[in-house]
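If you read the sequence shown in full-length UniProt numbering, its first letter stands for residue 1, the second for the next number, and so on.
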Amino acid sequence: MIALTVSLQVVPGRRDAFLEAIEENAERSFTDEPGCRYFDVVCDLSDDHHFVFHEIYDDEAAVEAHRAAPHFKVWREAAAKYVVPGSQVNTLSRRLFHHS
């Protein structure tokens, strides 16, 4: 399993529109990408413009399929309106342990 973590800041006043766009992206990830297993979005309680996404994919090929999906291009174009420039940090890592 591969984990993709994305941390970013949303432009003040754009949070609600951002949440609508990310919800659409997550729904399409699950319906259009068989390798997408988990998609979670967390908002920082001390700063409601700071978000972290946690996404789990079967393998690196599934992550690449996500990046190549048509809905991801729509999301990237929309994100330019919502995300503070330079604030986005992406981390790709191998998921080693999970306990539920």
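Even glycine gets a Cβ: it sits at the ideal position worked out from N, Cα and C.
Under 8 Å between C-beta atoms of residue i and residue j
| i | j | result |
| --- | --- | --- |
| Arg14 | Lys73 | no |
| Val11 | Val84 | yes |
| Val41 | Ile22 | yes |
| Tyr57 | His71 | no |
| Val63 | Ile2 | yes |
Top-ranked residue by Cα proximity to residue i, from the options
| i | options | result |
| --- | --- | --- |
| Ser87 | Ile2, Leu8, Pro70, Ala61 | Leu8 |
| Ala69 | Asp58, Leu19, Asp16, Phe30 | Phe30 |
| Glu60 | Asp16, Ser46, Glu33 | Glu33 |
| Ala17 | Gly35, Ala79, Leu96 | Ala79 |
| Glu24 | Arg76, Arg95, Asp44, Gly35 | Arg76 |
Residues near residue i by beta carbon distance below 6 Å, same chain, minus five either side
| i | result |
| --- | --- |
| Glu55 | Leu4, Phe39 |
| Thr91 | Thr5 |
| Ala26 | Phe39 |
Coarse secondary structure for residue i, derived from DSSP in three states
| i | result |
| --- | --- |
| Leu96 | coil |
| His54 | strand |
| Asp16 | helix |
| Val89 | strand |
| Ala69 | coil |
| Val11 | coil |
| Val63 | helix |
Straight-line gap, residue i to residue j (C-alpha atoms, nearest Å)
| i | j | result |
| --- | --- | --- |
| Phe51 | Ser93 | 18 Å |
| Leu96 | Cys36 | 17 Å |
Residue i: CB within 7 Å of a non-hydrogen atom of the ligand ADP
| i | result |
| --- | --- |
| Thr91 | The model on display carries no ligand, and the ligand ADP is accordingly not part of it. |
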